[in-house]
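See the structure below:
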């Protein structure tokens with residue numbers, strides 16, 4: 001048994017995130033287990049780049065209100081206590097709304113060569129604004 005009493009908070013890398021995002025790693029995928037889990041905190045307007053996961057991803061929203069968007073233009077509003085499941089290979093992004101913070105625990109199963117995430121280009125300001133507008137309809 002291992003009792004972990006704290007994990008360091010790090011600033012998320014700017015080549016994968018837009019805005020101020022902070023990470024606390026809970027578990028890294030190490031053999032034989034492949035679970036990756038992190039507490040991710042997004043300030044208003046902050047978001048991930050487009051990305052996909054070899055084995056999918058589960059997001060458990062712990063605080064605030066956020067958005068999850070897909071390439072086909074689908075946008076979901078998520079809030080504390082809700083869970084969003086992103087299928088394997090689906091290109092998506094997630095982050096806070098423009099006026100509220102959002103925090104989630106991101107969980108995924110690695111592919112044996114790391115966490116299986118493929119990072120892509122940033123979500124543009126126009127794409128983000130369109131996602132916000134889509135929620136108002």
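Residue numbers (full-length UniProt numbering): 1 to 137.
For each residue, glycine too, the CB sits at the ideal point set by N, CA and C.
Keep in mind that this is a model prediction, so the values were computed, not measured.
Sequence-distant residues of its chain with Cβ nearer than 8 Å to residue i (five each side left out)
i	result
residue 68	59, 75, 76, 78, 84, 86, 92, 93, 94
residue 62	39, 80, 103, 104, 105
Local Cβ density within 10 Å of residue i, reported as buried at 16 or more and exposed below that
i	result
residue 123	buried
residue 138	Outside the displayed range of the chain (1 to 137) lies residue 138, so it cannot be described from this structure.
residue 104	buried
Which residues DSSP lists as bridging residue i, in chain order
i	result
residue 63	103
residue 77	67
residue 108	36
residue 47	18, 95
6 Å CB neighbourhood of residue i in its chain, flanking five on each side removed
i	result
residue 9	22, 24
residue 139	Residue 139 falls outside the range modelled here, since the chain spans only 1 to 137, and no answer is possible.
Contacts around residue i, its chain only, beta-carbon distance under 7 Å, and the 5 residues preceding and following it disregarded
i	result
residue 54	88, 111, 116
residue 28	36
residue 118	51, 52
Coarse secondary structure for residue i, derived from DSSP in three states
i	result
residue 92	strand
residue 53	strand
residue 132	helix
residue 121	coil
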